[in-house]
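Notes follow once the structure below has been shown.
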Amino acid sequence: AGAGAAQSSAQEAKQLSSVPQSTVNLVKNIVGAGMLSLPAGIAAFSGSPKALLPALFFTLFFGLLSAYGFVLIADACNRSGETTYQDAWAKLVSPKTKWLPMVACIAKASIGCISFSMILGDCLPLVLEPLGLPAALVNRTTMMLFITASVLYPLCSMKSLAPLAKFSVLGVLSNVYICLFVLLRAVDGSYRRGGAFFRAAPVAPSFERYAGGSLSTIMHPEVTVLFSILATAFLAHYNAPLFYEQLEPAEDGDKSGRFRLVSALGFSLAALIFSAVMAGGFWTFGTSSSGLILNNYAATDVLAELARAAIALSLITAYPLVFFSLRKQVVSALGERGGNWMAKHPLRLNVALLTFVTVFALCLHDLGKVASFAGACFGTFLIYTAPAVMVLSAQRRGIGPKAASGLKGAVSTASRALLIPLGLTLAVVGVYESLL
1 AGAGAAQSSA
11 QEAKQLSSVP
21 QSTVNLVKNI
31 VGAGMLSLPA
41 GIAAFSGSPK
51 ALLPALFFTL
61 FFGLLSAYGF
71 VLIADACNRS
81 GETTYQDAWA
91 KLVSPKTKWL
101 PMVACIAKAS
111 IGCISFSMIL
121 GDCLPLVLEP
131 LGLPAALVNR
141 TTMMLFITAS
151 VLYPLCSMKS
161 LAPLAKFSVL
171 GVLSNVYICL
181 FVLLRAVDGS
191 YRRGGAFFRA
201 APVAPSFERY
211 AGGSLSTIMH
221 PEVTVLFSIL
231 ATAFLAHYNA
241 PLFYEQLEPA
251 EDGDKSGRFR
261 LVSALGFSLA
271 ALIFSAVMAG
281 GFWTFGTSSS
291 GLILNNYAAT
301 DVLAELARAA
311 IALSLITAYP
321 LVFFSLRKQV
331 VSALGERGGN
341 WMAKHPLRLN
351 VALLTFVTVF
361 ALCLHDLGKV
371 ASFAGACFGT
381 FLIYTAPAVM
391 VLSAQRRGIG
401 PKAASGLKGA
411 VSTASRALLI
421 PLGLTLAVVG
431 VYESLL
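In terms of the UniProt record's numbering, the sequence shown has 390 at position 390, counting the first letter as 1, and numbering is strictly consecutive.
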């Protein structure tokens with residue numbers, strides 16, 4: 001029986017993810033509570049529904065750019081033979097600057113886990129409040145400790161991404177429900193003057209008349225708020241090496257084609273979800289859209305309460321994906337000692353990291369400025385700048401496949417090179433917005 005259990009455990013550890021499983025996990029990794037701030041991104045520069053058209057275009061644009069960067073990271077891992085962001089950078093660029101992607105990945109994954117824990121701690125008591133449970137059971141601290149020990153720890157102790165796919169499906173369905181709810185309230189008129197929830201809403205919808213065309217709305221200087229949100233909205237790039245490593249290869253042993261398909265599907269579905277929430281939220285509340293659009297809906301709106309529960313479920317199912325990246329980056333940063341610890345005491349390492357995250361989440365109540373600043377600095381580096389630098393450096397040093405010749409090769413090289421100044425520009429814009 002012991003041998004059978006050991007064999008089963010080994011098979012679970014080696015279990016790879018199919019294209020559908022990887023796609024669902026990727027969508028869940030990308031889509032989180034951040035999508036709820038998108039309507040406020042439009043409200044920052046326009047109060048006219050005409051601004052929706054360019055906003056939707058830029059959502060698709062940044063989604064495509066982010067998908068391209070995601071694919072480039074897998075290309076870098078394939079060329080280098082490494083399985084972490086920093087190790088690929090060390091081999092293709094320079095071991096002396098390996099700390100750059102290492103710090104960026106650990107910082108983004110840590111802040112992601114802490115943010116998720118904080119939102120769950122704030123959200124779950126509100127969801128459970130109608131049940132009339134004692135205050136001692138539904139306060140922020142109790143709920144955070146309970147959800148970490150009973151739900152997050154078991155999920156984070158799984159050995160691969162493949163078993164997580166069924167949980168990620170629940171998370172994606174939660175996001176789909178939020179999209180449908182937001183779109184329903186945008187068209188049913190219940191939050192307009194005279195509607196069923198108009199008086200019960202915390203703030204009244206507010207719109208502005210705009211005589212110009214849709215494209216001219218982006219001439220407002222505050223459009224940089226939307227750009228800074230969208231620039232890192234699709235961030236899952238610290239996990240790209242993990243997705244590539246655990247993707248099931250094709251019959252010929254190659255993963256590249258399948259990974260490109262996963263990236264195209266995952267980022268396209270994420271862009272569709274973002275667009276639905278952004279359009280529905282702004283169409284309902286206009287310039288009154290808050291940084292967390294669900295806060296705009298009335299407490300008496302039952303469907304809104306279900307949406308708040310859905311975002312909690314969405315975060316719970318996304319948490320392990322971010323945690324896996326944090327654990328992998330920490331183990332890599334510790335070198336041989338980290339590898340030995342992970343091999344001998346994986347559950348102890350999980351407990352240590354979850355304790356670290358939970359303690360910070362309990363002590364902090366506002367991570368907004370720190371998260372925005374880190375996103376601007378580290379997020380843009382991981383999405384745009386670093387992937388391009390790694391692949392261009394590999395091509396220059398003759399590592400991996402040579403660049404295509406002719407026009408195709410020139411366009412490919414130019415597109416990668418353009419990502420570098422784009423990433424730096426978006427970083428400056430994001431830092432500026434985070435410091436305001």
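Don't be surprised by glycine CBs; every beta carbon is placed ideally from N, CA and C.
Nothing here was measured: the structure is a model prediction, and the numbers come from that model.
Use the C-beta contact count for residue i: other C-beta atoms within 10 angstroms, 16 or more gives buried, fewer gives exposed.
i: residue 345; result: exposed
i: residue 3; result: With a pLDDT of only 43 at residue 3, under the threshold of 50, the placement of this residue in the model should not be trusted, and no figure is reported.
i: residue 26; result: buried
i: residue 428; result: exposed
i: residue 10; result: Note on residue 10: pLDDT 42, under 50, position unreliable in the model; no value is reported.
i: residue 215; result: exposed
i: residue 295; result: exposed
i: residue 99; result: exposed
i: residue 433; result: buried
i: residue 150; result: exposed
i: residue 219; result: exposed
i: residue 82; result: buried
i: residue 320; result: buried
i: residue 376; result: buried
i: residue 185; result: buried
i: residue 409; result: exposed
i: residue 405; result: exposed
i: residue 87; result: buried
i: residue 209; result: exposed
i: residue 29; result: buried
i: residue 154; result: exposed
i: residue 363; result: exposed
i: residue 418; result: exposed
i: residue 253; result: exposed
i: residue 212; result: exposed
i: residue 255; result: buried
Tell me which residue opens and which closes the alpha helix (DSSP H) that residue i is part of.
i: residue 171; result: 165–187
i: residue 126; result: 99–128
i: residue 151; result: Here residue 151 belongs to no alpha helix (DSSP H), and DSSP marks it neither H nor E.
i: residue 62; result: 52–80
i: residue 140; result: 140–147
i: residue 199; result: Counting along the chain, residue 199 falls outside any alpha helix (DSSP H), and DSSP gives it neither H nor E.
i: residue 301; result: Looking at the DSSP string, residue 301 is not in any alpha helix (DSSP H), and its letter there is neither H nor E.
i: residue 416; result: 406–435
i: residue 135; result: Note, residue 135: premise wrong, no alpha helix (DSSP H); not H, not E.
i: residue 22; result: 19–30
i: residue 33; result: Segment: none, residue 33 is in no alpha helix (DSSP H) and carries neither H nor E.
i: residue 191; result: Premise fails: residue 191 is in no alpha helix (DSSP H) and is neither H nor E.
i: residue 85; result: 85–92
Below 8 Å, can you find three or more Cβ-Cβ pairs linking the region 374–391 to the region 412–428?
yes
Closer than 8 Å is the cut-off here; do at least three beta carbon pairs connect the region 37–45 with the region 281–289?
yes
Please list the segments of the alpha helix (DSSP H) lying wholly inside the region 206–293, counting only runs of 4 or more residues, in order along the chain.
Entirely contained in the region 206–293, the alpha helix (DSSP H) runs reaching 4 residues are, in chain order, 223–233, 240–245, 256–285.
Segment contact, 8 Å Cβ cut-off, at least three pairs: the region 150–170 with the region 267–280:
Counting Cβ pairs under 8 Å, fewer than three are found: no touch.
Stretch pair the region 351–366 + the region 195–205: three plus CB contacts closer than 8 Å:
no
4 or more residues per run - each alpha helix (DSSP H) lying fully within the region 321–401:
335–344, 346–363, 368–374, 386–396, all fully within the region 321–401.
Check whether the region 15–25 and the region 49–68 are in contact - that is, three or more C-beta pairs closer than 8 Å.
no
Between the region 91–101 and the region 390–402, are three or more C-beta pairs nearer than 8 Å?
Flag = yes, the region 91–101 and the region 390–402 touch.
The region 407–421 in contact with the region 120–137 per 3-pair CB rule at 8 Å:
Remark: fewer than three beta-carbon pairs, one from each stretch, lie closer than 8 Å, so the region 407–421 and the region 120–137 are not flagged as touching.
For the region 27–39 and the region 227–239, state whether three or more C-beta atom pairs, one from each stretch, are separated by less than 8 Å.
Contact between the region 27–39 and the region 227–239 is present, because at least three Cβ pairs lie under 8 Å.
Is the region 235–242 touching the region 69–80 in the sense that three or more CB pairs, one from each, lie closer than 8 Å?
yes
Counting pairs of Cβ atoms below 8 Å between the region 275–283 and the region 250–266, do you hit three or more?
no
With three or more beta-carbon pairs closer than 8 Å as the criterion, would you say the region 46–54 touches the region 182–201?
no
Stretch-stretch touch, CB-based, cutoff 8 Å, three pairs: the region 321–329 with the region 119–133:
no
Are the region 327–344 and the region 100–112 in contact at 8 Å, needing three or more beta carbon pairs?
yes
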